[in-house]
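Visitor: Sharing a structure below in structure tokens format, with a few things to ask.
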Amino acid sequence: MPPYPTGSWMPVALSADLPAGTVMPAQSPAGRVALWRGRSGRVSAFADRCPHRGMRLSHGFVRGETLSCIYHGWGYAQAGNCVRIPAHPALTPPETVRVATQHVEDGGGIIWISAGEPTGGPPRFEGLAPVRSMTVEAGIVALEEATGTSTAGGLLDYTNADTSVRLLLAPEGPARTLMHVLIDEDSNPDERITASRAAEALRRAAEHIERGGTGR
Numbered sequence: 001m002p003p004y005p006t007g008s009w010m011p012v013a014l015s016a017d018l019p020a021g022t023v024m025p026a027q028s029p030a031g032r033v034a035l036w037r038g039r040s041g042r043v044s045a046f047a048d049r050c051p052h053r054g055m056r057l058s059h060g061f062v063r064g065e066t067l068s069c070i071y072h073g074w075g076y077a078q079a080g081n082c083v084r085i086p087a088h089p090a091l092t093p094p095e096t097v098r099v100a101t102q103h104v105e106d107g108g109g110i111i112w113i114s115a116g117e118p119t120g121g122p123p124r125f126e127g128l129a130p131v132r133s134m135t136v137e138a139g140i141v142a143l144e145e146a147t148g149t150s151t152a153g154g155l156l157d158y159t160n161a162d163t164s165v166r167l168l169l170a171p172e173g174p175a176r177t178l179m180h181v182l183i184d185e186d187s188n189p190d191e192r193i194t195a196s197r198a199a200e201a202l203r204r205a206a207e208h209i210e211r212g213g214t215g216r
């Protein structure tokens with residue numbers, strides 16, 4: 001994971017990909033996280049490791065406003081404190097049993113996690129709506145070469161067969177990028193499908209370049 005400046009935000013998922021009552025793995029500036037949404041709709045981000053036996057919390061399940069580990073069922077509230085140990089139902093878990101949490105914001109159809117203490121809110125992209133996310137096994141340089149353009153504010157413009165999309169990029173390593181596809185919020189379903197296909201074409205081109213192939 002490349003270093004993110006303290007206070008900056010990383011787009012880790014699309015809101016639509018995390019319905020209420022679900023959990024998913026994600027990559028944050030601080031490492032792997034369990035990203036989950038309580039039944040109320042609030043999103044939380046935990047370090048992806050249960051303090052009990054180290055099981056990934058992203059394999060767990062949501063009960064109301066708590067995330068429970070799939071291994072022994074220990075449950076954690078949104079603040080990260082343990083609230084339930086099934087093997088000892090009468091026990092009030094000590095405050096020292098906690099999961100590390102990260103600052104998370106959900107807005108404009110995108111879920112963001114901050115690097116350390118945020119210095120402001122995450123970016124907002126007026127007039128744009130997210131279509132889908134995809135992982136590209138290529139770095140930012142390969143994506144820029146494939147599009148013939150450069151990133152600006154984390155966004156990359158791409159045109160394929162008269163279809164223009166904006167790509168919100170989150171580097172996850174020297175040769176791996178999480179790419180969120182954004183288009184005009186007034187686009188119809190057919191235009192959304194076309195934009196998705198254009199992004200898939202770009203992914204293939206960038207991965208070809210990353211493997212040592214030539215550009216456009």
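In full-length UniProt numbering, the protein residues as written are 1 to 216. All residues carry an ideal CB built from backbone N, CA and C; glycine is no exception.
Could you tell me how far apart the beta carbons of A142 and E210 are, in whole angstroms, since I believe they sit closer than 8 Å?
Guide: Between E210 and A142 the Cβ distance is about 4 Å, and since that is below 8 Å, they are a contact.
Visitor: Got a sec? Which residues, its chain only, sit under 7 Å from I85 by beta carbon, not counting five neighbours each side?
Guide: Same-chain partners within the cutoff: W74, L91 and P93.
Visitor: With DSSP collapsed to three states, give me the class of R204.
Guide: R204: helix per DSSP, three-state reduction.
Visitor: To the nearest angstrom, report how far apart G80 and L57 are at their CA atoms.
Guide: Using only the alpha carbons, I get a separation of about 12 Å.
Visitor: Less than 7 Å between the C-beta atoms of S44 and A115, yes or no?
Guide: No, the pair does not count as a contact, with Cβ atoms beyond the cut-off.
Visitor: Mind checking which residues open and close the alpha helix (DSSP H) that includes L143?
Guide: Here the alpha helix (DSSP H) through L143 covers I140 to T147.
Visitor: How should R42 be labelled, buried or exposed, when 16 other C-beta atoms within 10 angstroms of its C-beta is the threshold for buried?
Guide: Exposed, by the Cβ-count rule.
Visitor: Is E137 closer than 7 Å to M200 when the C-beta atoms are compared?
Guide: In the sequence as displayed, the identity of residue 200 is Glu instead of Met. No, the pair does not count as a contact, with Cβ atoms beyond the cut-off.
Visitor: So, with DSSP's three-state summary, where would you put A129?
Guide: Residue state, collapsed to three classes: strand.
Visitor: State the start and end residues of the unbroken beta strand (DSSP E) segment that holds R63.
Guide: Element bounds for R63: F61 to R63.
Visitor: Spatial neighbours of R124 within its chain, please: CB distance less than 6 Å, with the 5 preceding and 5 following residues excluded, ordered by chain position.
Guide: Excluding residues within five positions, the ones whose Cβ falls inside 6 Å are G108.
Visitor: Taking the Cβ atom as the reference point for each residue, do V62 and G21 lie within a distance shorter than 7 Å?
Guide: Cβ atoms of V62 and G21: closer than 7 Å.
Visitor: Keeping to the same chain, check which residues put their C-beta closer than 7 Å to that of V97; ignore five residues upstream and five downstream.
Guide: Within the same chain, V97 has close Cβ partners P51 and C82.
Visitor: Would you tell me roughly how many angstroms separate the C-alpha atoms of G38 and T66, rounded to the nearest one?
Guide: Approximately 7 Å, taken between the alpha carbons.
Visitor: Suppose contacts are defined by Cβ-Cβ distances below 7 Å. Is A47 in contact with V12 by that definition?
Guide: No, they are not a contact pair.
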